Amino acid sequence: MRRFVFRCSECRQEYEEDPTLLVCPACAEFQEAGGSTRGVLEVVASDLPTDWPDRDPSDPRFLAAFLPVVGPESFPAFRAGGTPLLPAPRLAASLGADRLWIKDDTRNPSGSTKDRASLLVAAKAREYGFETVAAASTGNAGTALAAVGAAAGLETIVFVPASAPEAKLVQMLSYGARVLPVEGSYDEAFELCLEACRELGWYNRNTALNPFTLEGKKTAALEIALSMSPEVPDVVVVPVGDGVILSGLARGFADLVAAGLTARAPRLIAVQPEGSGAIARAWMSGLEEARPVPGAHSVADSLTVEAPRNARLCLRHLRETDGGAVTVSDRQILAAIPDLAAATGVFAEPAAAAVVAGLGVALESGVVSREEAIVLMVTGSGLKDVPAAARAVRRPDPVEPSLEAIVRRLRLPRGERGTATSPS
Ligand SMILES: Cc1ncc(COP(=O)(O)O)c(C=O)c1O
Ligand SMILES: [Zn+2]
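Heads up, the sequence shown is in the numbering used here, so the first residue is 206 and it goes up one at a time.
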């Protein structure tokens, strides 16, 4: 049986793969003795393929070639990823960029990028023989876990802030998860889930703590590289909360360079809301560690985190890729929802639309230059938070059912009305 090795991102200590190992024991000891750093555990890459597998990227055989599983049979019957990379010339023109693509991860089965990590975690839960998997989530990770769990026959338990958007709650309930809406913040839900898993013996999918959450997200990088091959994007713009999607992408691009499948890795740009920007603030102050933002708040619920769990590693990936970070206001995030939808046909939730606003800021401030080949990571569907999107459009009053009323409403000039002709 294939066994893998976990390595601490800080002290580099290595450990045998172990489902109960969530924090580096060496770092935890150091921290208890007054030290301030704590690493996250990463899976050490082994046996990377030197050729692209001749498979669709969502095929379990493609996934098993790049991800740390025993084999393709570890995966349940659930297809995550394999989402399109769409050229976005009209959005590029409106933002002042030359070449722009959308990685449309709204098209995952449960509507967000989180399906990628949840699929890998469910595969590992099956390998380890767990029946129950629990997660703390701002909404999407729990929904994704519930969806994959349904396909895998796993019991899923999700801790969410009670304020999570209704669509996410209804979605996870429909998939059959046992949902615990916690009267508190995401950070409180996170600690509660950690304690419950420890005491009750459930497998823990908390992002950054479970090493496979970071690992599972790298498939988005593989797909971007495969879609653009032999070209490599210069820049990938990523919405950031805990910072795990960004680090997963960094891992994926680094693996490809190590395997000789791509020539170089792109620069990674983090986008955070002004009211929940611990990582971006640390970046702008030149710090290696993020300071928590008590009472973090944003219309982008998926990015609302007080103490990002993967901040140090995320900041390191920004440094190593020569990347950057920007913040955007709630007003800019809301405006970006119809801007993106109307220019590309992609309807995104606030967290995902934030990258459009973020790219605007990055181009204006010179963090990204217009000649670069840019990919926007659009991580979640607008259908997950319709009330937020509704704040950015004006809903028309009902119109009387007559042609005259429609012409009046649309302000069509009477003389210039075209006549419909039937095709000859
Ligand atoms: C749609 C969406 N985008 C971005 C993020 C941020 O990901 P991370 O917390 O890994 O930075 C999340 C996390 O919940 C999300 O659901
Ligand atoms: Zn360590």
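C-beta atoms are modelled at their ideal positions from N, C-alpha and C, and glycine is treated no differently.
As the structure is a computational prediction, the values presented were derived from the model and not from experiment.
Check: What is the DSSP secondary structure of V353, reduced to helix, strand or coil?
Finding: helix
Item checked: R596 beta carbon less than 7 angstroms from that of E508 -> The sequence as given places Leu at residue 508; Glu does not occur at that position. Cβ distance not < 7 angstroms, so L508 and R596 don't count as in contact.
Checklist line | Same chain, Cβ closer than 7 angstroms to S629, five either side skipped, listed in chain order | finding: With a pLDDT of only 48 at S629, under 50, the local geometry of the prediction cannot be trusted, and the value read off the model is given with reservation. Closer than 7 angstroms at Cβ, skipping near neighbours: no residue.
Notebook entry, point to check: Distance, Cα to Cα, G550 vs V598?
Noted result: 15 angstroms
Notebook entry, point to check: Is it buried or exposed for A553, if we count other Cβ within 10 angstroms and need 16 for buried?
Noted result: buried
Check: When a residue counts only if its C-beta is closer than 6 angstroms to some heavy atom of ligand 2, which residues count, in chain order?
Finding: C213, E215, C216, Q218, C229, A231, C232, G244
Item checked: Residue from S299, L246, D527, K308 whose Cα sits closest to the Cα of E569 -> S299
Notebook entry, point to check: Is T337 helix, strand or coil when you go by DSSP?
Noted result: strand
Next item on the list: Please go through the region 356-435 and give each complete beta strand (DSSP E) segment of 3 or more residues, from N-terminal end onward.
Entry: 360-366, 383-387
Check: In whole angstroms, what is the alpha-carbon distance linking A593 and E404?
Finding: 37 angstroms
Check: Taking just the CA atoms, how far does L296 sit from P438?
Finding: 17 angstroms
Notebook entry, point to check: Counting only runs that start and end within the region 216-298, where is the alpha helix (DSSP H) found for 4 or more residues in a row?
Noted result: 230-237, 265-271
Item checked: A567 - DSSP class collapsed to helix/strand/coil -> helix
Next item on the list: Assess, as a yes-or-no matter, whether the region 489-499 is touched by the region 510-530 under the definition of 3 or more beta carbon pairs within less than 8 angstroms.
Entry: yes
Check: Counting only runs that start and end within the region 479-532, where is the alpha helix (DSSP H) found for 4 or more residues in a row?
Finding: 483-489, 516-525
Checklist line | Closer than 6 angstroms: N345 CB and nearest ligand 1 heavy atom | finding: yes
Next item on the list: Quick one: using the 10 Å Cβ neighbour count with 16 as the cut-off for buried, is Y333 buried or exposed?
Entry: exposed
Margin query: ligand 1 and T584: does the residue's C-beta get closer than 6 angstroms to at least one heavy atom of that ligand?
Written below: yes
Check: Based on the DSSP output, what are the partners of V443 in its beta bridges?
Finding: A475
Item checked: Contacting residues, own chain, Cβ-Cβ under 7 angstroms from R469 (five flanking each side not counted) -> V437, V462
Notebook entry, point to check: According to the neighbour-count rule (16 or more other Cβ atoms, all chains shown, within 10 Å of its Cβ), is L419 buried or exposed?
Noted result: buried
Next item on the list: Within the region 591-625, note down every full alpha helix (DSSP H) run reaching 4 residues or more, in order along the chain.
Entry: 591-595, 608-614
Note to self: I need the straight-line Cα distance from A512 to E388, nearest angstrom please.
What the structure shows: 18 angstroms
Notebook entry, point to check: From which residue to which residue does the alpha helix (DSSP H) around R456 run?
Noted result: 449-463
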